[in-house]
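Numbering (UniProt numbering), first residue to last: 1 to 410. Yeah, the Cβ is synthetic: ideal placement off N, Cα and C, and Gly gets one too.
In structure tokens form, the structure reads like this:
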């Protein structure tokens, strides 16, 4: 993986650095163009009333304008090219992990007594490898964060002075709200993956025994089993989607709050006239937006890191399981002998099991406690029903005795 994909990663990072450079320089180039346009307008208005030595000269910055027109095209082109190299690395990473899992499966003594079932293997090959392949390259994008944050902040600090510190104040104010969402997200993700193993196992068993299911006429029972496993997973899906929505809400609202707060402080402190807004305000707002968006992606990196760590731990637990000892096969010395056994011993070995985490133990204990409560309720219902039946029997017996006594009296 390192030999094949390292040069692609390095190339993609270099390409993305140039892409970020073309993106950051756009507000400054736009500022030069707007300044030239405003100067030309002032020259057309003021020069007729000024003496020759005080005439306003305006020259249009053609170089800045041409570079400004090329920047979006170059930014998109380089961004796409860098993402293509990262996509190659992600594909190789997922294929390599799937190959390791497949090879490990062949070397394990997986039996029905083991907690490594088909559902766990399907989840490892699909969900976990996909999460690692998609989220792991995001760590390499963190190399671009200093350029994306501090270079635009330098332009903002140069133009607005101490007012630029307001942007970091607003961001630090929003960060605790994001930090509160992270534990809920990690817990929901772990529960989703655990219940996903069970659901994959149930569905795989039904698909393999579909003919038996059809012939036995128990489709409704199997459907109820699939629905019950899915219902336990829906709770994790709800919290997962809710936390992602909260992340997106905070990410979309924070840049606007940073722009409004910082701009208000600068305009109030410097008393900027309205006619200077296109030159003094709008280009710097663009730099603020470019600085804020990478800051807000820190939560995305936290989310990606949590997914990668959880999936890596699940795959590592599977890969470190003890393997079968492969004995070398030696052909018999006598060619007429088909099979030759020497010093043979038969030993019953324990099936490989992945150690349960405390979270999984808690889930098993909760399910056992729930089953115990259900059994207790059923037992109480059965006792109540038996008491009712006994009372009904006694009533019928008493009424029967009364009828017999009445007949004797007659």
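Quick check: what's the CA-CA separation for residue i versus residue j?
i, j, result
"residue 309", "residue 207", "32 Å"
"residue 367", "residue 266", "59 Å"
"residue 35", "residue 160", "17 Å"
"residue 284", "residue 171", "17 Å"
"residue 121", "residue 255", "42 Å"
"residue 288", "residue 305", "26 Å"
"residue 333", "residue 339", "10 Å"
"residue 272", "residue 37", "19 Å"
"residue 241", "residue 181", "11 Å"
"residue 258", "residue 167", "5 Å"
"residue 183", "residue 196", "20 Å"
"residue 25", "residue 316", "44 Å"
"residue 376", "residue 390", "21 Å"
"residue 98", "residue 81", "26 Å"
"residue 260", "residue 125", "47 Å"
"residue 378", "residue 385", "10 Å"
"residue 223", "residue 192", "20 Å"
"residue 392", "residue 381", "16 Å"
"residue 230", "residue 270", "60 Å"
Any idea if residue i is buried or exposed, counting beta-carbon neighbours within 10 angstroms, 16 or more meaning buried?
i, result
"residue 399", "exposed"
"residue 1", "At residue 1 the pLDDT is 40, less than 50, meaning the model places this residue with poor confidence and gives no usable figure here."
"residue 66", "exposed"
"residue 313", "exposed"
"residue 23", "buried"
"residue 86", "buried"
"residue 156", "buried"
"residue 148", "buried"
"residue 394", "exposed"
"residue 220", "exposed"
"residue 362", "exposed"
"residue 226", "exposed"
"residue 89", "buried"
"residue 176", "exposed"
"residue 76", "exposed"
Alpha carbons only, please: which of the options is nearest the one belonging to residue i?
i, options, result
"residue 134", "83, 29, 171 and 143", "83"
"residue 158", "307, 280, 141 and 249", "280"
"residue 69", "259, 60, 29 and 108", "29"
"residue 18", "167, 375 and 74", "74"
"residue 185", "245, 220 and 383", "245"
"residue 276", "31, 8, 21 and 175", "31"
"residue 150", "292, 278 and 249", "292"
"residue 61", "39, 77, 7 and 373", "39"
"residue 320", "21, 108 and 81", "108"
"residue 141", "224, 378, 387 and 302", "302"
"residue 294", "143, 9 and 105", "143"
"residue 278", "145, 205, 27 and 169", "27"
"residue 153", "138, 64, 230 and 262", "262"
"residue 412", "179, 164 and 282", "Absent from the structure is residue 412, since the part of the chain shown begins at 1 and ends at 410."
Does the distance between the C-beta of residue i and the nearest non-hydrogen atom of the ligand ADP fall short of 7 Å?
i, result
"residue 195", "Judged by which ligands are present, the structure shown has none, so any question about the ligand ADP falls away."
Spell out a yes or no on whether the stretch 87-94 and the stretch 123-138 are touching, meaning 3 or more CB-CB pairs, one atom from each, closer than 8 Å.
yes
Stretch-stretch touch, CB-based, cutoff 8 Å, three pairs: the stretch 187-201 with the stretch 329-340:
no
Report the start-end ranges of each alpha helix (DSSP H) in the stretch 242-297 that is 4 residues or longer and not cut off at the edges.
277-280
Can you find at least 3 beta carbon pairs, one from the stretch 178-196 and one from the stretch 231-238, that sit closer than 8 Å?
yes
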